[in-house]
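**Student:**
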Amino acid sequence: MPSRLRAPLHSGSCSSGGSLPASASLCGRRRPRSYNFRQPGRTHAQARAAAAAAAAAAAAPEVSCAMAVLWGRGAARFGRGLWPCGRPGLPAEEGTLGGLCGPRRSSSASPREDRRKDWGHVELLEVLQARVRQLQAESVSEVTVNRVDVARLPEHGSGDGGCQPPTKVQPGAQGTPSGLFVQWAKRLDKDKQIQQKRRQRLEKQLQKRAQNPGFSTDAKRLHVEPRLLSKQLTTCLQGCTQEVAESPWEEQLAQVLQEAPRKLSLDKKLGQRLKTRFANRQQKILAFLKCCLLTGHQSLAHHLLVTHHSRGRSQELLTLDMYNTVMLGWAQQGAFRELLYVFIMVKDAGFSPDLVSYAAALQCMGRQDQDVATIKRCLEQMSQEGLKLQEIFTAVPLCKEERAAVLRAVLKAKPTFKLPERPLSPVNNSKLLRDVYAKDGPVSYPKLHLPLDTLWDLFKQQLRVELASTVCVKSVEKPVAQSKEVRRAALQALPAQGESFMGLARDLGARTFSRHEVQRQQFSGQVEALKRHYRQYLHLLAADTEVPEPYLPRQYWEALGVSEPPQEQPWPLPVQVELGRLLAEILVQATKMPSNLAKPRNSSRLVPLLYHVYSFRNVYQIGFLKPHPAYVQLLATAAEPTVTFEAVDVPMLCPPLPWTSPHTGAFLLNPTKLMRAVDGTMHHQRLLENCPPAALHGALDTLTQLGNCAWRVNGRVLDLVLELFQDKGCPKLSVPAPPSEVAAPHEAPLPSSTGLVDKAELRRELARSLKESREMHSLRADALYRLSLADHLRNCVFWLPHNMDFRGRTYPCPPHFNHLGNDLARALLEFAQGCPLGPHGLDWLKIHVVNLTGLKKREPLQVRHAFAEEVMDDILDSADNPMTGRKWWMGSEEPWQTLACCMEIAKAVRTSDPAAYISHLPVHQDGSCNGLQHYAALGRDSVGAASVNLEPSDVPQDVYSDVAAQVEVFRRQDARRGSRVAQVLEGFVTRKVVKQTVMTVVYGVTRFGGRLQIEKRLREMSDFPQEFLWDASHYLVRQVFKSLQEMFSGSRAIQHWLTESARLISHMGSAVEWVTPLGIPIIQPYHQEVKVKQGGRGLQSVSYSVNADSSLKPNKLKQRNGFPPNFIHSLDSTHMMLTALHCYREGLTFVSVHDCFWTHAAHVPIMNQVCREQFVRLHSQPILQELSSFLVSRFCCSSRPQKLSQRLDDSKLRETLLAVPKPGAFDLERVKHSTFFFS
Amino acid sequence: MWIPVAGLPPRLTLSSLVGAGRFCFLGAGAATRKPLQARNRRGLSDSAPQLCPDPDFRKSPSRVKSKSTLDFSRYITSRRLAETMAQLVRGKEKKPSHLFLECNPGPGILTQALLEVGAKVVALESDKTFLPHLESLGKNLDGKLRVIYCDFFRMDPKGTGAIKPPAMASQDLFQTLGLEVVPWKAGIPLKVIGALPIRSERKILWKLIHNLYSCTSIYKYGRIELNVLIYEKEFQKLMADPGNPDLYQVLSVLWQVACDIKVLHKELLEPSQEKLYFIQITPYRNLFTDNLTPMSYQVFIHMVKHCFGKRKCRLIDHLRSLTPLDAKDILRQIGKKKEDKVTNLYPQDFKQLFETIQSSKDYAYKWLYDDRLEGRYND
């Protein structure tokens, strides 16, 4: 239907463009072109519109400043859309008309192309234009201001004017289009008939419009009336339109509903196909519609829906969701007539309205206070469709106010209607978790040590932070005297060497989305509801309140009857990237600085601050945004005293929201994924959503619990670190040195006599030192972030919300400062909640300190304890004079944690009663080669189990030494046989050489990688003959694999079985999926990469590769190599979760770094016991059998496949899957008595 | 004619190698065949009976795919061509005064021709098979020929690992030859003669040009002259300028700015009608100036690359992404118009443009380019 819109536009521009006949002929010539290019341009137009709307939605500070430009641009482009047909200008100049971006934009495409592309946008431009006009009508001032902005913005940075014609918005004056059409028809004699038909239709519609003054002039431009495909409905609709004034609309609704043909089932198959093909475009449209509603552009959303609906092709794109979204928008406004239009369209499109549609209708009726009969009819219709009224209140996510409106409508029709009871959430009753959720038995869930009011204040603080979206943290960098001219810099995040355009665009897009999410929740009143619920929720956690019966946080939250807020899908990647790109472009255009900073502000001309440059890497050409070097200099001298973080990058100030579903939990407002994944990956989320809610309880509760652990900063350690950091750093203790410490590159002007060769040498030297200083800088920045955050949180209690990766391993969400970091980061953290040491706590502290030093790895606990007593003097000295004393702690493997532990011990032994000393220090218990432990348990390997400490033993076994010994045996044999390499290696086969390879073999290291690891170790040995490096490493890696094969025969069989299964599954064309024993569905996100290229307009085209989409073909190699380690990881995460849940039931504070479990010193024995029990329970399950049967049911065809090759593949797969390796003879129960299983 | 010898039946090998053409390909794997080399020695002259070029020659053996199919070397087997080349490089001198480094002489036909005109030759052969034969050529010539196991085109490889022969460090090579560094402005220290490896002409050209601008590797020792055989296609690209904008590219600019390129001889390959050029590439004495130095050459290369990244754009648009200076002002200084496109600029114009920006006095920051952004040739 664009022709209908275009007509007045053209005539408008004609009248302004000069003599009518000339311009009309121009029009005529160009017109077919616009038709040709309209279709492909469509998606771009939508994306742009979505971006525009989204940017409008996210009125975050830095975005809002760009808004004027954005709208200005919109107007400019729309102006451009008008120009070519009316303006008798030179064709060559049209290209340069590219709005604001001028030459740089047109540099991406030749002018002609550019213009063509723009024709594709005309359609959307019209929409925008209409909107602009609408806005003009509403508030003239706003638009004019924007227009001025546009005109004033210089064409490009260097300020050399260019020939940009004023892009003035042409008011679309109304004119008579008939003369124009006659000419048009003549020109297109080929399409004459079609055109005539079109014209007739157009005229008819124009007539109709003229007859029907019921619509406002604004609504005329945006389509309101749908054009329907079904004739039956059309007549019905016409009935509606004619009777507009007198007949009540609602009667029509019922009529429509009854008359509507049911078409839903007709193309189910087709729908499926389209779903995958158009998924992206659909998401774009949906995102656009939602943003429209949020910004109050209901009519625009409606228009889009109508235009799409009326065209057969694009109608296929529309989903019921989209109709529902628009309906909901109208319902919120109480616009019943428009809602009805959409309802008719739904029917017309062959969808059957679902609960959401009816909820919208009822809500609208509730708001409009419709008469009883209508509502009744509606309800009747609903029951005819087989939908239950109750479900509207249980299954449809509605906010409180919406619920009230629906209820009002329903009560009017059915005064006796009662709200349904909330169904009890189902309880997980898997074998492993039965104990955790058992209602009987002793339960003492831990409480926080803070009273309710404190927690409530903390919550309010956190809410403020999240609403503000960013946190400014005082930098711990030594302050430099500030010059006055220096202003606050907004772009400090951009590194001096620039940022890749693509990365920036992605980042901006993602940030805009989270801002948008926060705002959406604010507007829709969810923040208020959250406050209410959270306060109640705190009663469970606070120290001074009681709840009637023990609840897990999730259970309690659910019991509070918190209705799930409507779920918001993140914008699809293309939309985010497109939006980010737009914002980045605006950033480039909008930021300016004086060309000469020394001169006074007004006298020097402005130059752009950001430049778009290219870098060349091999064959690739990568676009970068690079700040002006003078600006970098300025920033460096300014030494910005604050560091700004996104709200989600900072630990939370109050307990995180409990995880209740795959998309709600952790941060209060910012959306967080339960399962972290590469951007644009949908299948994890889909899997999680599709699995029964109870199946996820284990994971949800573990994550909630890990997040609920309160932390505080170890102030004394922080002080020491800061001292070092602000002084000269100490790379040995992983405190990076300041840039001033790095030898500054030699920049002095060279004497003219310097020879060319020397110059070349110098250049290389310079490049090397630049590279070095850049590496230093990034290390320094990393430490700066961490320490600044630590300093910021120094006197606070804070929380680290957790989520998990696709294998179920848990991670804290805030990236810079958490307990997963290096030694330094871990030493800075301690439990905020103290716990008295108790009778054995001190001993555990002592053992812990020895563990951290790494000195007595192969000694039993008593020896470690005795050693601690022995070096007690050193320990106390370290604690008292860390920097000036004997510095015993610095020689440790983990120096900072050792120091923290020394301090804790010193404090404890100096109290009168160490048992009563309240300790905050986490004590770790580490699994010894945890991956191999799981393998050995799976395969019940006796030898292997003993070497990884599954078997009780007096001294800890060391698998690396065992392997080294085994390798040595083989080596000696070979040496005797005369192998040269084996002879050379005499005396070099040590634990150290094989350790890394053994450790990583579980995680799928190949011979290739293993050889490199060993080569590195051998290279480090100065006395090893270097010419044998390659041969020796090659030989050794084979021996290591052979030894492992010998020792872990069962494990290797399992590894092989897993690899083979994965190979066959991926060969059949699917990604490997499985379910952990705890019920978490897992899919390996390795697919063949597909390069997605997004439009070549703007500064540059962006392309990125997607490899995580499940609709792509799997990457066979990665699927195959990844399965064994990922499966083992899913097992170790299961073990951790089970331990966590049981510890929680015992009232323990528990956190984990994968296979390293942390708790208070007093509770180590309990944790150790739980940990062993759960390991045994986990492996008592028929894990491999269950995996096998799951894989068979998932990947083997139930029916006989058609093709022979498929049939062969299928039977081969089935055969392989069913051949589960036989376990060995190891008795699992013995793990319970093994001291060094975790130690 | 080009003869793939890789899979020839042994009976055919000799005759086809000897007589059929001026060159042959030898896969590395094929060349290790012992009998081949032994017989080779006998039939090196053109006077041997010639076999008619068989059009099917190329197809039949190509079925045999050895893993070495990818690194063919190009050997000169035509006596006549070798003699022509030797004459050409000798020039007007009676006895060539320069030392010749011959890359991959293979059967040594060119080597012999060079020796015959009285040149001192160092043969750098990367295929061990040919070494004994080459050494035998130098007998009784009291040191006029030196044979070194070395691959000229893999001189100074990237990476940190030990250099495995036949790759070699230029430093070691020049040390063994006892050659001193000759200042750039002085004469030509030595001449390199040979054929560019057939499949990696571009790669080699890139490597050489980087070495040239940075005065590293062989160019550390002075303005080394190259006398190489190159395919017509690559040659045309090398010599392209705004006259033929479709072929004009970064390499053309860089080489033409740096070197004087002369065509010495053209050779037509019979079955394929492809042309082979024997060209002489001499670096300009005045290539380096106050502004373009081995210190700043990276910026120059980046500038040219950037411009050819969007070659149809106007120069002024590129300038804005290259330098914070006033683009119009620069254009005025080099006497170009605003509408001028990248492909309208001659190679020397690029140099002038670079120097203009580099020498601008008023600005502290002349370039937006950052050494550290680049990946490959950044050592």
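Sequence order for the protein chains is A and B.
Numbering-wise, the first sequence is residues 102 to 1340 according to our numbering.
Numbering-wise, the second sequence is residues 107 to 485 according to our numbering.
Every residue, glycine too, gets a C-beta built ideally from N, C-alpha and C.
Where do the N-terminal and C-terminal ends of the beta strand (DSSP E) with A:S762 fall, by residue?
**Tutor:** L758 to S762
**Student:** Give a yes or no on whether the minimum CB-CB distance between A:L857 and chain B is below 8 Å.
**Tutor:** yes
**Student:** Mapping the DSSP letters down to three states, classify A:M984 as helix, strand or coil.
**Tutor:** coil
**Student:** Buried or exposed, going by whether 16 or more other CB atoms sit within 10 Å of the CB of A:F1089?
**Tutor:** buried
**Student:** Please report the distance separating the alpha-carbon of A:S625 from that of A:P671.
**Tutor:** Approximately 17 Å, taken between the alpha carbons.
**Student:** Threshold first: 3 residues or longer. Then list the beta strand (DSSP E) segments lying entirely within the segment 997 to 1077 of chain A, N to C.
**Tutor:** 1023 to 1027
**Student:** Give me the subset of the segment 313 to 333 of chain B whose CB atoms are less than 7 Å from a CB atom of chain A, sorted by chain position.
**Tutor:** For the segment 313 to 333 of chain B, which is checked against every Cβ of chain A, the residues closer than 7 Å are S320, C321, T322 and K326.
**Student:** Quick one: what does DSSP say A:L549 is sitting in, helix, strand or coil?
**Tutor:** coil
**Student:** Taking only three categories from DSSP, how would you classify A:A461?
**Tutor:** helix
**Student:** Specify, as a first and last residue, the run of the alpha helix (DSSP H) that A:I1229 falls within.
**Tutor:** K1217 to R1246
**Student:** Run through chain A and tell me which residues come within less than 7 Å of B:F394, C-beta to C-beta.
**Tutor:** L857
**Student:** Following the continuous beta strand (DSSP E) through A:E1174, name the residue where it begins and the one where it ends.
**Tutor:** E1174 to V1176
**Student:** Out of curiosity, what's the CA-to-CA distance linking A:G992 and A:L1000?
**Tutor:** If you take the alpha carbons of A:G992 and A:L1000, they lie about 11 Å apart.
**Student:** Output needed for A:I1284: all residues of its chain with C-beta closer than 8 Å, excluding positions within five of it in sequence on either side, in chain order.
**Tutor:** L1039, P1178 and L1232
**Student:** By alpha-carbon positions, which one of A:L953, A:L1249, A:M984 and A:Q1114 ends up nearest to A:E995?
**Tutor:** Distance check between A:E995 and each of A:L953, A:L1249, A:M984 and A:Q1114 places A:L953 closest, using alpha-carbon atoms only.
**Student:** List, from N- to C-terminal side, the alpha helix (DSSP H) runs of 4 residues or more that fit wholly inside the segment 921 to 954 of chain A.
**Tutor:** 924 to 928 and 939 to 954
**Student:** Can you find at least 3 beta carbon pairs, one from the segment 225 to 237 of chain B and one from the segment 370 to 389 of chain B, that sit closer than 8 Å?
**Tutor:** no
**Student:** Does the segment 534 to 549 of chain A come within contact of the segment 602 to 610 of chain A, defined as at least 3 CB pairs closer than 8 Å?
**Tutor:** These segments do not touch.
**Student:** So, using beta-carbon positions, are A:T571 and A:F746 closer together than 8 Å?
**Tutor:** yes
**Student:** Buried or exposed, going by whether 16 or more other CB atoms sit within 10 Å of the CB of A:G766?
**Tutor:** buried
**Student:** Is there a Cβ of chain B sitting closer than 8 Å to that of A:A861, yes or no?
**Tutor:** yes
**Student:** In this structure, does DSSP put B:L370 in helix, strand or coil?
**Tutor:** strand
**Student:** Check for me: the beta strand (DSSP E) holding B:K297 runs from which residue to which?
**Tutor:** Per DSSP, B:K297 belongs to the beta strand (DSSP E) from L296 to A301.
**Student:** Just to confirm the assignment, what range does the beta strand (DSSP E) spanning A:E876 have?
**Tutor:** Not the beta strand (DSSP E): A:E876 falls in the alpha helix (DSSP H), residues L857 to H893.
**Student:** Since A:R414 is in the alpha helix (DSSP H), which residue starts that stretch and which ends it?
**Tutor:** G413 to Q416
**Student:** What's the gap between the Cα of A:H404 and the Cα of A:D645?
**Tutor:** 56 Å
**Student:** Pick helix, strand or coil for A:S242, following the three-state DSSP scheme.
**Tutor:** At A:S242 the pLDDT is 38, less than 50, meaning the model places this residue with poor confidence and gives no usable figure here.
**Student:** Locate the beta strand (DSSP E) running through B:E208, then write down its first and last residues.
**Tutor:** L205 to C209
**Student:** Can you tell me which of B:L332, B:E331, B:L393 and B:R329 puts its alpha carbon nearest to the alpha carbon of B:V359?
**Tutor:** B:L393
**Student:** Taking CB distances under 8 Å as the criterion, tell me whether A:K727 reaches chain B.
**Tutor:** yes
**Student:** Could you tell me whether the Cβ atoms of A:L1369 and A:Q563 are closer together than 8 Å?
**Tutor:** Missing from the structure shown is residue 1369 of chain A; chain A here goes from 102 to 1340 and no further.
**Student:** Distance cutoff 8 Å, beta carbons only. Does A:Q1114 sit that close to anything in chain B?
**Tutor:** No - not a single Cβ of chain B is within 8 Å of the one on A:Q1114.
**Student:** Count the other CB atoms within 10 Å of the CB of A:V1293; is the residue buried (16 or more) or exposed (fewer)?
**Tutor:** Classified as exposed, A:V1293 has fewer than 16 neighbouring CB atoms from the shown chains inside 10 Å of its CB.
**Student:** Opposite A:A643 in the DSSP bridges: which residues?
**Tutor:** Note: A:A643 sits in no beta bridge, so no partner.
**Student:** Would A:V1068 pass as a contact of A:S1152 if the rule is Cβ separation under 8 Å?
**Tutor:** no
**Student:** Considering only residues of the same chain and omitting the five flanking positions on each side of B:Y452, which have a CB-CB separation below 8 Å?
**Tutor:** D347 and P348
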